[in-house]
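Line order of the protein sequences matches chains A and B. Per our numbering, the very first residue in the first sequence carries number 1; after that it's consecutive. Per our numbering, the very first residue in the second sequence carries number 218; after that it's consecutive. Virtual Cβ for every residue (Gly too), placed ideally from N, Cα, C. Bear in mind the structure is a predicted one, so any value in this text is a computation, not a measurement.
Number of protein chains: 2
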Amino acid sequence: MQDRRPYKRQTVEKRRDDLIAATLELVAENGVQGATVRAIADRAGVTPGLIRHYFASKEALSRTAYEVLMQQMISDSAAVLSTAPDDPVARLAAFVAASISPPVVDPISVGLWASFLHDVRRDKEFRDTHAASYIAFRDVLQDLISKLPNRANARALRQDAIACNAVIDGLWLEGSVYPEGFEPGEIVEIGLRSVGLLLGVTLNFSAPRALQNESPT
Amino acid sequence: MQDRRPYKRQTVEKRRDDLIAATLELVAENGVQGATVRAIADRAGVTPGLIRHYFASKEALSRTAYEVLMQQMISDSAAVLSTAPDDPVARLAAFVAASISPPVVDPISVGLWASFLHDVRRDKEFRDTHAASYIAFRDVLQDLISKLPNRANARALRQDAIACNAVIDGLWLEGSVYPEGFEPGEIVEIGLRSVGLLLGVTLNFSAPRALQNESPT
DNA sequence: TTTTCTATTACACAAACGTATAATAACTTG
DNA sequence: CAAGTTATTATACGTTTGTGTAATAGAAAA
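Written as structure tokens, this is what we have:
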């Protein structure tokens, strides 16, 4: 009884954030089955009982973690556009390139996506969160396409967005799951050329400043 | 002790097939966490102990089930080509259309794919099985593309195959996870047009005989 | 029919799971 | 400095998990 574990009181936000981050890490690494209450507590540096003090149930923690994940992904893709140039073609190219480059393309995000799939199917709250973020991403893409010169009618616009989104999703999937199957920069190169062909424009690869010193293909 | 459950002896193949089928069903429905030994046995109509009589462990059963799944998917896509016409363009169109139509595109296959992702990551046997089937699928696609008229060099061929595969994967993903987001036939239409644009050919939709009476778009 | 073989059922077990409740110590307030 | 809050730890409970072992019955052989 005497060697009780010492601890420091934290704010509600700090503890919730830590628990959510620990949950996402463990789900990404080992799937939902790896994110047990004990493993989450251990990763977050607390004891298991504390989880129930901040979340009504483990399910509630999972739901919250998924919401946070989706919001992060949305804000990540939006961040790319804030620093992009004004030219519509260049903006689209930057968005496409960012969507199929790290950190969007990595084993972690695909692992999370796959792990939450069944929850998304079964639970309405999960499903609503998923649908909202999916539509948000496609709307951004559709908006970028609509700004291109010589655009056709609305139906073609929608189908163009779906097709480009499919290319992005497919490359995201392949690049994340099977990264050793592609040469460096190959996925971005293929993505830009494919989207360009689909839309009848030429997308040039202009690396963001942080990557400018990497060897271009 | 007297009301022991009656049973009928079965062949090794029958029992193994039943257990594998039950495993895949449960994984597709509820993820790996839903495929417990008791649930599998119940679905297969046996008692839990019998699983250990046919498989060294639950892990061994999972691995075998994944192998069977991948082999099925490969033979399914090959089956489409056996009844396709000789014209290279028509063959490619048939293959693409089949790859983004039911039963390839359905919640079950995506659910299975997502569920096994973590096993594929962690376990070498899973990973080998996955890589083999992935390459096999892309090779079929690449072979079909190479038969098209006016093809370029090998590097372009490889990248064309990756790009087309990405479109197929992306549409497969979106159509399976979010089917209500698309009109009937829209995915096939978009897929054929996109692959055609990527390769510089025109792919026409020719429904297989079994689907001929459905309303074309 | 009787015997033999083994596929199948039945039962048991330790570990891990999510959850519930009580005890305590780190802060805050007076 | 003392009293009060409550965030946090500690512990326990009932299920469910995968696995191990013994008992039994269906089918074939003798």
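By the criterion of a C-beta distance shorter than 7 Å, residue 85 of chain A is surrounded in its chain by 91, once the five residues flanking it on both sides are discounted. Sequence-ordered contacts of the segment 144-161 of chain A with chain B read 159 [C-beta pairs closer than 8 Å].
Using a Cβ-Cβ cut-off of 8 Å, residue 391 of chain B counts as an interface residue toward chain A, since at least one Cβ of chain A sits closer than that to its own. Close CB contacts of residue 344 of chain B within its chain, under the 6 Å cut and outside five residues either way in sequence, are with 337 (chain order). Residue 276 of chain B counts as exposed, since fewer than 16 other beta carbons sit within 10 angstroms of its beta carbon.
Contact check for residue 241 of chain B against residue 278 of chain B fails: the beta carbons are separated by 8 Å or more. Judged by DSSP in its simplified three-state form, residue 370 of chain B adopts coil rather than helix or strand. In this structure residue 191 of chain A does not touch residue 386 of chain B by the C-beta definition: roughly 13 Å separates them, more than the 8 Å allowed.
Just so you know, the alpha carbons of residue 228 of chain B and residue 118 of chain A end up roughly 34 Å apart. Counting the other Cβ atoms within 10 Å of the Cβ of residue 83 of chain A gives fewer than 16, which makes it exposed. Interface residue (Cβ-Cβ distance to chain A less than 8 Å): residue 293 of chain B is not classified as such. A direct Cα-Cα distance of roughly 34 Å separates residue 161 of chain A from residue 346 of chain B.
Separation of the CB atoms of residue 55 of chain A and residue 47 of chain A is rounded to 14 Å, and the pair is thereby denied contact status at 8 Å. The beta carbon of residue 351 of chain B sits closer than 8 Å to some beta carbon of chain A. Residues of the same chain with a CB within less than 6 Å of the CB of residue 239 of chain B, apart from the 5 flanking positions on each side, are 257, 260 and 261 in chain order. Look at residue 108 of chain A: its C-beta is not under 8 Å from any C-beta on chain B. For the segment 30-48 of chain A, the set of residues with a beta-carbon nearer than 7 Å to any beta-carbon of chain B comprises 30, 31, 32 and 33, in chain order.
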